[in-house]
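For the sequence shown, counting from 1, position 34 maps to 508 in our numbering; every step adds exactly one.
In what follows, a single structure is set out as structure tokens and then discussed.
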Amino acid sequence: MTTESVWMPPSSLALLIEELAVLASQPSPDAATKERIRELRKTLSQAEASIKPDDGLVEPGMRITAMLSGDTRATVFLLGERELVSLDPEVEVEVYSPSSPIGQAILGSYVGDTVAYTTPTNARIEIEILAAVPYTGGR
475 MTTESVWMPP SSLALLIEEL AVLASQPSPD AATKERIREL RKTLSQAEAS IKPDDGLVEP
535 GMRITAMLSG DTRATVFLLG ERELVSLDPE VEVEVYSPSS PIGQAILGSY VGDTVAYTTP
595 TNARIEIEIL AAVPYTGGR
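Now the structure itself:
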């Protein structure tokens with residue numbers, strides 16, 4: 475069985491490792507703590523905290539600049555799991571999940587591609603990928 479990796483900023487990985495160490499050092503953890511330890515171990519076993527290559531591929535860990543149909547300004551966001559990325563207080567950019575409709579539509583595309591997705595309200599939105607660069611922190 476292959477497990478998919480889950481990208482997160484290195485600072486988020488460090489916080490999860492620290493939390494696990496604190497919880498695992500408790501002499502008699504309660505059921506909720508034991509469950510949290512299991513969750514943390516699973517997340518950490520799938521963790522990927524590397525800086526992605528600057529190859530124009532849209533994947534988790536990339537800062538995306540895109541133009542959505544009907545917009546006059548480009549949208550900038552980080553593609554990643556919101557709950558993991560939000561652990562890093564330095565992240566100052568919007569975060570879109572790879573499993574969201576827009577995330578699924580753009581995942582695997584490249585700079586210059588135009589892809590489309592259907593919103594939950596059945597609107598068809600086209601997205602042109604203007605840039606996809608490795609996220610290295612901040613904005």
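Ideal placement from N, C-alpha and C gives every residue a C-beta, glycine not left out.
Because the structure is a prediction, the values reported are computed rather than measured.
- A straight line joining the alpha-carbon of Gly582 with that of Ala523 spans about 19 Å.
- For Thr507, the enclosing alpha helix (DSSP H) begins and ends at 505-520.
- Bridge pairing for Arg598: Thr592 [DSSP].
- In the DSSP assignment, Val496 falls within the alpha helix (DSSP H) that extends over 484-498.
- At a Cβ-Cβ threshold of 8 Å, Leu558 and Val607 do not count as neighbours.
- Considering only Ala548, Glu568, Pro534, Leu561, the residue with the shortest C-alpha distance to Ile580 is Pro534.
- Residue pairing from DSSP leaves Ile580 without any beta-bridge partner.
- Here the alpha carbon of Arg547 sits roughly 35 Å from the alpha carbon of Ala488.
- According to DSSP, residue pairing for Ala540 in a beta bridge involves Thr549, Ile603.
- Below 8 Å, enough C-beta pairs join the region 587-594 and the region 567-579 to call them touching: three or more.
- In this structure the region 482-496 touches the region 548-567; the number of beta carbon pairs closer than 8 Å is three or more.
- Counting along the chain, Glu557 sits inside the alpha helix (DSSP H) bounded by residues 556-559.
- Shown here, Pro501 sits in coil according to DSSP, grouped into three states, outside any helix or strand.
- Leu542 is positioned such that its CB atom lies no closer than 8 Å to that of Leu518.
- Nearest Cα to Val585 within the set Pro575, Ala540, Leu552: Ala540.
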